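Residue numbers (my numbering): 5 to 132. Report on the following structure.
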């Protein structure tokens, strides 16, 4: 039995979300790399300049991905209905019962179809 509702009209579709994240990250990363390249083009390239440019190119994606992840999450919290935008598919059946055990099931779900995830979570819950 599935605990997932079939409301797929809440928020952006998964391909649209992925395209938005890829576009934001790619544009920002390319912008930072081009700025670094332009700064080092002012003078003659030395081995140290090439090493610094290479290290900057390797290390810049992680802070940018983290920034856009935080910015998108903040926008969802501030300007949208976070429950419908981030968790649009979960609908509890009736009132939720009080806690009767100390076991917690947690999942990390990003841009993926939620139906199989919640089905597996429900199966784990039933086996406790």
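Every residue, glycine too, gets a C-beta built ideally from N, C-alpha and C. Remember, it's a predicted structure, so these values are computed and weren't measured experimentally.
Taken atom to atom, the span from the alpha-carbon of residue 44 to that of residue 57 is near 8 angstroms.
Around the beta carbon of residue 83, fewer than 16 other beta carbons sit within 10 angstroms, so the residue counts as exposed. Counting along the chain, residue 30 sits inside the alpha helix (DSSP H) bounded by residues 18-45. Look at residue 124 here: in three-state DSSP terms it is helix. In the structure shown, residue 99 adopts coil according to DSSP, grouped into three states.
The DSSP-derived three-state label of residue 51 is helix.
Where residue 71 is concerned, the enclosing alpha helix (DSSP H) starts and stops at 65-83. Comparing alpha-carbon positions, the option among 115, 100 and 19 lying closest to residue 73 turns out to be 115. Taking a cut-off of 8 angstroms on C-beta distances, the region 15-22 does not touch the region 48-68, as fewer than three cross pairs fall below it.
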